[in-house]
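Just add 131 to wherever you are in the sequence shown, counting from 1, and you've got the numbering used here. Just so it is clear, CB atoms sit at the ideal spot from N, CA and C, and this is done for glycine as well. Small disclaimer: the values here were computed from a predicted structure and weren't measured. Below: one structure, written as structure tokens.
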Amino acid sequence: MSDYVAGVPDGTHITLADLLKMRSGLYDYTSAPDLAMMLDADPGKAWTPQEALALAFRHAPRSRTACSARSG
Numbered sequence: 132m133s134d135y136v137a138g139v140p141d142g143t144h145i146t147l148a149d150l151l152k153m154r155s156g157l158y159d160y161t162s163a164p165d166l167a168m169m170l171d172a173d174p175g176k177a178w179t180p181q182e183a184l185a186l187a188f189r190h191a192p193r194s195r196t197a198c199s200a201r202s203g
């Protein structure tokens, strides 16, 4: 992953196979209850790229499997 996107935590350990197997560790933030609470609390918040990306990097590569159309 780090060959294509700079700054991804553990990006050197995320492979194309991980993305295809839905095991990249990239978080399905759209299903996150804590994100829903944050959006409800402040629906007009302007998120920085760092804040948005921090949600995606909550799990280490290959730590779990989750099927999502939004993440790998």
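Relative to D165, the option among A185, A148, T179, T146 whose CA is nearest is A185.
Looking at S133, G138, A183, D134, the one whose alpha-carbon comes closest to that of D159 is A183. For D134, there is no enclosing alpha helix (DSSP H), as DSSP marks it with neither H nor E. Taking V136 as the centre and dropping the five residues before and after it, the same chain places no C-beta closer than 6 Å to its C-beta.
If you draw a straight line from the Cα of D149 to the Cα of T161, it comes to about 20 Å.
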